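First residue of the sequence shown? That's 1 in UniProt numbering, and the numbers climb one at a time after it. Just so it is clear, CB atoms sit at the ideal spot from N, CA and C, and this is done for glycine as well. Everything numeric in this text was worked out from a predicted model, so none of it was measured.
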Amino acid sequence: MALIDRIMRFVRGPQVQKARVKAEQAARSPQAQKVRAKAEQAARSPQAQKIRVKAEQAARSPQAQKVRAKAEQAARSPQAQRARARAESFVNDPRNREKARRLMSRLRGARPR
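Pasting the structure below:
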């Protein structure tokens, strides 16, 4: 049996559905609502705002700009172009397209043919 079949059977199994129901109930509980409210309050606190400002400053720093420039340069490199070409040819191959289509339909919950 293929690994994907076993995974899909487990994901649709009764234990997983029971666990999902329990998790949804726990998420609606008063304790969960209190925790959510505290988290939202903490996110609006002055400390959180200071952290956000520092993160934005770090993203605009010279070091971050250098890293972005290097990443863009690497993306334009011959190796990256070759890798993109290989990936494109793989995706455009009809056999691989069919495999990907079948896998996606299985993951969405459609019945295999």
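Practice prompt. For S77, name the three-state secondary structure that DSSP assigns.
Written response: coil
Worksheet item: From E98 to F90, what does the alpha carbon distance come to, in whole angstroms?
Response: 12 Å
Worksheet item: So A74 packs on A80, CB below 8 Å; how close in whole Å?
Response: 6 Å
Discussion item. Rounding to the nearest angstrom, what Cα-Cα distance links residue 126 and L107 in this structure?
Written reply: Within the shown structure, residues of the chain are numbered from 1 to 113, placing residue 126 beyond reach of any answer.
Discussion item. Could you tell me the alpha carbon to alpha carbon distance between R20 and S29, rounded to whole angstroms?
Written reply: 14 Å
Practice prompt. Return yes when the Cβ of A64 is within less than 8 Å of the Cβ of A71, no when it is not.
Written response: no
Discussion item. For L103 and R95, what's the separation of their Cα atoms in angstroms?
Written reply: 13 Å
Practice prompt. Report the three-state DSSP secondary structure of D93 (helix, strand or coil).
Written response: coil
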